[in-house]
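This note's numbering puts the first residue of the sequence shown at 450, with every later residue one more than the last. Just so it is clear, CB atoms sit at the ideal spot from N, CA and C, and this is done for glycine as well.
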Amino acid sequence: MTVTPPVANSTVTQTPPAANSTGPALYNSSAIDSHFMDIAFNNKFETIGESSTSGDTIAITGDYTDNDVSTLGNFLLQFNNNSPIKQLPAVPVQESNSGDIRFNYIPESSLDTLAQQQPSFGLINRDSSGKIGSIYKTTSNTVSNSTNAYVYRTGTVFVNNNLTGDERTHYMIRGLLYYLGFVGQTTTYPDSIFYAGPNNTITPNGIDWQAIDVMYGGTITPGMTYNEATNALGGTPGNTGT
Numbered sequence: 450m451t452v453t454p455p456v457a458n459s460t461v462t463q464t465p466p467a468a469n470s471t472g473p474a475l476y477n478s479s480a481i482d483s484h485f486m487d488i489a490f491n492n493k494f495e496t497i498g499e500s501s502t503s504g505d506t507i508a509i510t511g512d513y514t515d516n517d518v519s520t521l522g523n524f525l526l527q528f529n530n531n532s533p534i535k536q537l538p539a540v541p542v543q544e545s546n547s548g549d550i551r552f553n554y555i556p557e558s559s560l561d562t563l564a565q566q567q568p569s570f571g572l573i574n575r576d577s578s579g580k581i582g583s584i585y586k587t588t589s590n591t592v593s594n595s596t597n598a599y600v601y602r603t604g605t606v607f608v609n610n611n612l613t614g615d616e617r618t619h620y621m622i623r624g625l626l627y628y629l630g631f632v633g634q635t636t637t638y639p640d641s642i643f644y645a646g647p648n649n650t651i652t653p654n655g656i657d658w659q660a661i662d663v664m665y666g667g668t669i670t671p672g673m674t675y676n677e678a679t680n681a682l683g684g685t686p687g688n689t690g691t
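And the structure:
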């Protein structure tokens with residue numbers, strides 16, 4: 450992947466991905482439900498949240514490039530093709546800090562400075578060498594519905610602007626999925642974008658997409674606890690730690 454110099458307010462042409470790009474189902478429902486439980490919960494004391502209540506506006510700012518805008522835009526189109534119930538805006542808003550999900554591209558040295566503010570600042574994501582790939586700064590808001598209260602998350606993905614290629618793309622897409630509710634990880638599927646080990650996967654694999662469908666298919670609702678989600682899926686346990 451070639452990274453071009455940043456251009457403010459640039460126009461990027463997106464190529465819509467083919468529908469059903471993940472091919473036929475390769476996993477049974479038990480495996481899919483178990484994978485969903487792993488990637489939707491970081492621990493068994495959380496509840497299912499939502500990324501926002503206002504349409505998931507996605508904004509991009511900082512030292513981003515045309516290629517970053519194109520990468521995000523093409524993934525948004527891919528997401529919409531694979532998740533027809535949950536739809537996202539097809540184009541990120543450039544030069545803005547006001548989105549529900551925000552991407553801010555800053556130098557590695559600036560990320561190191563932010564990391565020193567832990568634990569007050571946000572979740573730090575490092576690669577196998579210890580280099581910071583991204584930092585999440587999250588704002589959690591509690592909302593009540595007819596059943597119970599749940600949290601919706603908005604926040605900023607600070608991306609290491611020194612990254613290039615697949616590594617850069619991985620931290621971008623993984624950050625977007627985090628704010629879409631997928632706060633967990635898997636140790637079962639090394640080719641999953643949610644894999645807990647070293648991984649520069651740049652798009653969800655087949656079982657990832659099927660688990661994303663579970664999140665938005667109607668069976669799972671905001672505010673569900675780990676046990677409630679397990680019961681709603683027929684009692685299939687995940688591997689999420691306590």
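Test item: CB-CB of residue i and residue j under 9 Å
{"i": "Arg623", "j": "Phe607", "result": "no"}
{"i": "Ala678", "j": "Ile497", "result": "yes"}
{"i": "Leu526", "j": "Ile507", "result": "no"}
{"i": "Glu557", "j": "Asn516", "result": "no"}
{"i": "Ile661", "j": "Phe528", "result": "yes"}
{"i": "Ile669", "j": "Asp615", "result": "no"}
Three-way DSSP call (helix, strand, coil) for residue i in this model
{"i": "Pro466", "result": "With a pLDDT of 39 at Pro466, under the threshold of 50, the predicted position of this residue should be treated as unreliable, and no value is reported."}
{"i": "Gly604", "result": "strand"}
{"i": "Thr674", "result": "strand"}
{"i": "Ile584", "result": "strand"}
{"i": "Tyr638", "result": "coil"}
{"i": "Gly683", "result": "coil"}
{"i": "Tyr476", "result": "coil"}
{"i": "Thr618", "result": "helix"}
{"i": "Ser577", "result": "coil"}
Expected contact under 8 Å - CB spacing of residue i and residue j to nearest Å
{"i": "Leu570", "j": "Lys586", "result": "It is Phe, not Leu, that sits at residue 570 in the sequence shown. Their Cβ separation, rounded to whole angstroms, is 6 Å, which keeps Phe570 and Lys586 in contact under 8 Å."}
{"i": "Gly582", "j": "Leu612", "result": "7 Å"}
{"i": "Asn491", "j": "Val663", "result": "Their Cβ separation, rounded to whole angstroms, is 17 Å, which puts Asn491 and Val663 out of contact at 8 Å."}
{"i": "Ile656", "j": "Ala539", "result": "The pair is not a contact, with the Cβ atoms about 25 Å apart (cut-off 8 Å)."}
Inter-residue spacing [alpha-carbon to alpha-carbon] between residue i and residue j
{"i": "Tyr476", "j": "Thr562", "result": "43 Å"}
{"i": "Thr636", "j": "Met621", "result": "21 Å"}
{"i": "Ile584", "j": "Ile573", "result": "5 Å"}
{"i": "Asn546", "j": "Tyr554", "result": "12 Å"}
{"i": "Lys417", "j": "Met486", "result": "Beyond the ends of the chain as shown, which are 450 and 691, falls residue 417; an answer cannot be given."}
Exercise. In the stretch 486-572, which residue ranges form an unbroken beta strand (DSSP E) of at least 3 residues, counting only runs that do not cross its ends?
Worked result: 507-511, 550-555
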